[in-house]
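Throughout the sequence shown, residue numbering follows the UniProt record's numbering, covering 1 to 899 in sequence. Backbone N, C-alpha and C fix where the C-beta goes; we use that ideal spot for every residue, glycine too.
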Amino acid sequence: MALGRYNRVDNNNNKSSSFCSTVTIVIFMGLCLVGIWMITSSWVVPVQNGDDPAEEKKNQLKDQVETVIVDSNDRDNKPQFEDKPNDLRKDGPEKNLDVSLAKDKGKANLAAEENQEKTEEAKWDKSEKDNQQFNSVGGEKNVYNSENLGGQGSENNNEKPHSIKDDKKSGSDYAEKKGDESTSRTYGDKVDKNDDKVSDKRSADQVKKKSSHEDSPKGDKVFDKSFVDQVKKSSNEVFPKGDKVDKNNDNGFDKSSDSQVKKSSNEDAPKGDKVFDKSFDDQVKKRSNEVFPKGDKVDKNNDNVFDKSSDSQVKKSSNEVFPSVAQSELLNETMIQNGSFTTQAAESNKEKNAESSSNSSSKDYSWKLCNSTAGPDFIPCLDNCEAVRNLPTNIHYEHRERHCPEVPPTCLVPLPEGYKFPIEWPKSRDKIWYKNVPHSKLVEFKGGQNWLKITGDYLTFPGGGTQFRRGALHYIDFIQKAVPDIAWGKRSRVILDVGCGVASFGGYLFERNVLAMSLAPKDEHEAQVQFALERGIPAVSAVMGTKRLPYPGTVFDIIHCARCRVPWHIEGGKLLLELNRLLRPGGFFLWSATPVYQLKAQDVEIWKAMIEQTKAMCWELVNKTSKEPINKVAIATFRKPTSNECYEQRSQQEPPLCPESDDPNAAWNVPLQTCMHKVPLDPSERGSKWPEEWPARLEKSPYWLLSSQVGVYGKAAPEDLAADNEHWKQVVTKSYMQGMGINWSSVRNVMDMKAVYGGFAAALKDMNLWVMNVIPVDSPDTLPIIYERGLFGIYHDWCESFSTYPRSYDLLHADHIFSRVKKRCNFVAVVAEVDRILRPGGKLIARDDVETITELENMVRSMHWEVRLSYSKDKEGLLCVQKSMWRPTEVETLTYAIA
């Protein structure tokens with residue numbers, strides 16, 4: 001008699017017919033259950049084009065796999081694992097994933113299993129049909145798309161990938177959750193034709209992982225070493241160059257998902273077990289240059305090789321390492337990550353907001369040579385011939401002002417024929433290579449004034465300027481004797497030289513510890529600013545026309561004009577009022593033009609007009625010298641008032657005082673104003689006192705920088721400045737001077753593209769060089785602090801070209817500027833501008849996030865620059881590269897730059 005499935009059978013009654021019946025029934029039922037179980041198995045064997053290790057793993061483990069049923073149509077069933085609303089990313093998909101685990105509970109479940117069997121067969125048929133259709137056009141369809149159970153297949157391919165929670169479960173629970181999540185991803189209609197290799201491996205591994213968590217003892221690794229080795233070996237095969245991945249795809253090796261697997265394995269495994277061995281991380285670091293091979297095209301919403309959020313997780317766990325090369329490539333294909341991690345929400349939003357307008361982080365850059373009328377001297381914003389032709393008038397020198405093209409150029413400026421590496425300072429002050437600046441017009445035009453001469457292969461500068469034909473040093477000392485309060489290099493440290501010519505005045509002021517910001521327009525005095533920069537003297541191309549100069553108010557100790565040909569006296573003294581804005585209260589205006597010492601009718605008339613204008617502006621005529629015996633010129637010195645008493649006592653309020661709403665520091669593309677700003681009287685307000693003497697002013701915090709003010713880095717402003725100063729001292733001393741391989745004796749012209757407080761320039765104060773401190777227009781306005789410290793700088797928008805000639809600088813320093821620029825500018829155009837202003841042999845030091853550094857390194861490599869140093873740590877990167885002589889052969893004609 002049959003006593004039931006698990007009742008004992010009397011072994012002594014061997015001849016009993018009931019015993020045989022019982023055995024027969026038990027065997028039959030067991031075979032039926034096994035057959036049903038095999039048919040309704042939740043996983044589907046992917047189509048293989050050849051032998052795949054993953055197939056063998058699946059076959060070996062099929063007896064251990066537990067049936068997974070996903071019913072997306074039955075939303076009333078309570079899921080065993082449920083996503084919490086707070087766990088979802090803000091920019092991620094919002095959908096419920098109902099998951100239940102069906103186990104063998106007897107005959108009561110047979111009906112459900114039969115329905116599931118039909119569902120699986122229908123989906124398998126659809127997958128086969130899709131696969132055949134895809135193969136007919138020469139591709140392989142990722143069969144993993146058909147494994148999304150419960151209707152999560154191609155019908156729902158417009159949905160974004162769903163993700164698991166960041167919960168810490170037991171080993172068995174997590175295995176069930178991870179296995180279910182892995183089989184419920186949707187890839188969309190468009191799938192990379194190489195993805196099937198990755199998905200096959202991952203599918204097999206997830207089956208193994210699921211089974212091992214259920215049946216294997218604790219301590220087993222989630223990923224065995226052979227799997228990691230396979231990933232490493234196949235990274236170059238899985239991701240060939242040039243492949244595109246749909247930006248909605250969830251990739252095979254998602255960073256966040258991978259991180260969770262690692263966390264789970266650390267929980268389940270005994271101490272000491274590692275998911276990935278150390279050699280894996282070492283190989284990733286060694287192959288950093290192979291992560292983005294040239295030619296790969298990546299969606300503009302890409303996450304990068306070392307994603308910020310993932311990198312922060314690396315720091316949190318000693319067992320977590322950077323993803324492999326294969327994982328890095330695939331992760332880079334999409335902004336959507338497979339993980340609803342609350343710890344990553346803020347970072348993901350930050351990354352989304354920081355997306356660049358350039359989508360070329362890992363592509364093959366095709367550089368061309370700029371074809372313009374200016375040729376090797378092309379300045380995009382000053383050589384826009386089309387814009388100049390359309391100007392209604394040029395009476396106020398509008399044609400010499402900036403007119404930037406709507407689309408910044410991405411081509412490279414050619415080199416002059418026979419270009420050589422520049423002569424080093426201080427020899428360069430007296431001579432430069434003629435072929436570097438092959439212009440002879442100025443030699444002919446100013447030959448009688450001893451500006452410059454052609455001597456063999458060189459251009460030499462025997463005198464320096466019209467007003468100091470016998471040399472600038474005697475002229476500088478003559479000024480000091482005439483006005484002792486000037487005190488070169490102590491009280492007077494930063495000056496503006498208007499109409500500088502070839503900037504010999506500023507060049508020789510270095511011997512008196514004075515910095516001169518020299519400016520002159522790009523006009524018929526061919527390349528005068530270029531001569532200055534080639535000599536190693538700071539200068540910019542600018543004109544006093546209709547707009548304010550790009551400097552803050554009340555920052556220059558002295559403004560100098562030696563026969564600068566600027567009509568100061570016309571139109572109510574509008575141009576002189578601009579100098580009044582720039583000059584410190586108590587600062588001097590030095591004027592040595594012909595109206596000061598010549599008696600010609602025109603000169604006498606101009607002198608009279610200048611006296612009237614300066615008197616109305618309350619400027620005091622401190623001294624008017626007679627002709628000095630050597631250079632035969634005289635100098636008039638005016639001083640700006642230090643109080644508002646004179647302004648209030650004027651009988652006529654002409655020129656008027658500026659309204660309170662007019663900001664004297666607003667200078668970027670601001671029209672000139674015919675008004676004067678009041679002198680600050682509050683002791684805590686900038687301009688109420690003269691700065692400390694040099695060099696004390698460099699280290700001491702400005703008196704007007706208050707502890708109640710918050711600095712750029714979040715500390716009280718004085719502490720912020722001091723911390724920044726010490727930081728750059730350490731960086732320059734311990735890193736830049738020793739670890740870059742830079743010959744600093746060959747470095748003269750330096751630019752800090754985002755200077756903040758000028759700490760980088762301050763750290764180089766004992767070097768024989770000068771630093772142009774640039775404050776981007778979208779950064780905190782700290783340029784007044786830089787001037788207060790005895791340094792100088794300029795405002796600029798890096799979406800446009802800088803007002804300088806090509807090949808102007810020996811070294812560019814870019815501290816976290818490129819990642820900011822990418823938010824609103826064409827990054828390729830910015831890098832082309834860097835190439836334009838940097839000399840061949842010049843260095844670029846860039847510090848930024850790893851994503852930006854990687855993209856930058858790819859671009860400069862494509863321009864054949866030499867990478868001197870590439871280093872990254874804790875999601876920050878450091879890059880030092882050297883520009884080469886290479887120029888492309890293909891030409892791009894810039895129609896707006898053709899005269």
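Only counting the same chain, and skipping five residues up and downstream in sequence, which positions put a Cβ closer than 7 Å to that of residue i?
i, result
"Ala899", "Thr373, Cys385"
"Ala667", "Arg548, Leu549, Pro550, Tyr551, Pro552, Tyr795"
"Glu578", "Met544, Arg548, Leu549, Leu672"
What's the gap between the Cα of residue i and the Cα of residue j?
i, j, result
"Lys490", "Phe505", "18 Å"
"Met863", "Pro408", "18 Å"
"Val413", "His403", "18 Å"
"Ser541", "Ala722", "33 Å"
"Ile486", "Ser492", "6 Å"
"Asn623", "Leu590", "10 Å"
"Tyr795", "Gln730", "27 Å"
"Ile775", "Val604", "42 Å"
"Pro422", "Arg839", "9 Å"
"Val670", "Gly456", "45 Å"
"Pro683", "Lys689", "7 Å"
"Arg861", "Val633", "53 Å"
"His569", "Leu599", "17 Å"
"Cys618", "Gln530", "37 Å"
"Thr614", "Lys574", "12 Å"
"Leu894", "Pro416", "18 Å"
"Ile454", "Met885", "25 Å"
"Glu892", "Phe827", "18 Å"
"Glu113", "Ser21", "Unreliable positioning characterises Glu113 in this predicted model, as indicated by a pLDDT of 45, which lies under 50. The coordinate reading is nonetheless provided below. Answer to the nearest angstrom: the Cα atoms are 27 Å apart."
"Val566", "Arg512", "27 Å"
"Arg836", "Pro695", "34 Å"
"Thr625", "Thr852", "57 Å"
"Pro538", "Ser745", "17 Å"
"Ala763", "His816", "18 Å"
"Cys500", "Gln467", "11 Å"
"Val777", "Arg820", "12 Å"
Could you say which of the options lies nearest to residue i if we only look at CA atoms?
i, options, result
"Glu693", "Trp886, Glu788, Arg836, Asp849", "Glu788"
"Glu726", "Ser745, Leu706, Ile742, Gly758", "Gly758"
"Gln652", "Ile558, Ala616, Pro641", "Ala616"
"Val555", "Ile27, Leu783, Glu719, Gly877", "Leu783"
"Asn580", "Pro664, Arg565, Ala609", "Pro664"
"Glu401", "Ile817, Phe802, Val867", "Phe802"
"residue 919", "Glu620, Thr854, Leu509", "Residue 919 falls outside the range modelled here, since the chain spans only 1 to 899, and no answer is possible."
"Val502", "Leu496, Tyr475, Ile837, Phe461", "Phe461"
"Tyr597", "Val830, Ile635, Leu582", "Ile635"
"Arg469", "Glu890, Ile630, Met767, Ser661", "Ile630"
"Gly586", "Ser592, His560, Ser643, Leu576", "Ser643"
"Asn394", "Thr546, Ala516, Arg429", "Thr546"
Quick one: what's got a C-beta closer than 6 Å to residue i's C-beta in the same chain, skipping five residues either side?
i, result
"residue 906", "The requested residue 906 is not part of the displayed model; the chain covers only 1 to 899."
"Pro691", "Arg697, Glu788"
"Lys700", "Glu692"
"Glu890", "Lys368"
Count the other CB atoms within 10 Å of the CB of residue i; is the residue buried (16 or more) or exposed (fewer)?
i, result
"Glu522", "Going by the sequence as given, residue 522 is Lys instead of Glu. With 16 or more other Cβ atoms within 10 Å, it is buried."
"Gly739", "exposed"
"Asn743", "exposed"
"Gln649", "exposed"
"Ile606", "buried"
"Arg847", "buried"
"residue 900", "With the chain running from 1 to 899 in the structure shown, residue 900 is simply not present."
Taking 8 Å as the limit between beta carbons, can you name the residues of its chain near residue i, skipping five residues before and five after?
i, result
"Ile786", "Ala755, Tyr757, Gly758, Ala761, Asn773, Ile775, Phe792, Gly793"
"Asn436", "Pro416, Tyr419, Lys420, Pro422, Glu534, Arg807"
"Tyr896", "Asn384, Cys385, Glu386, Ala387, Pro405"
"Pro655", "Gly572, Gly573, Leu577, Ala616, Met617, Thr674, Cys675, Met676"
Inset, instruction - Please list the segments of the beta strand (DSSP E) lying wholly inside the segment 703-759, counting only runs of 3 or more residues, in order along the chain. - result: 749-752
Inset, instruction - Please go through the segment 563-637 and give each complete beta strand (DSSP E) segment of 3 or more residues, from N-terminal end onward. - result: 583-591, 620-624
Inset, instruction - Would you list, in sequence order, the uninterrupted alpha helix (DSSP H) runs of no fewer than 4 residues that lie entirely inside the segment 383-428? - result: 385-389
Legend entry - 3 or more residues per run - each beta strand (DSSP E) lying fully within the segment 520-551: 539-541
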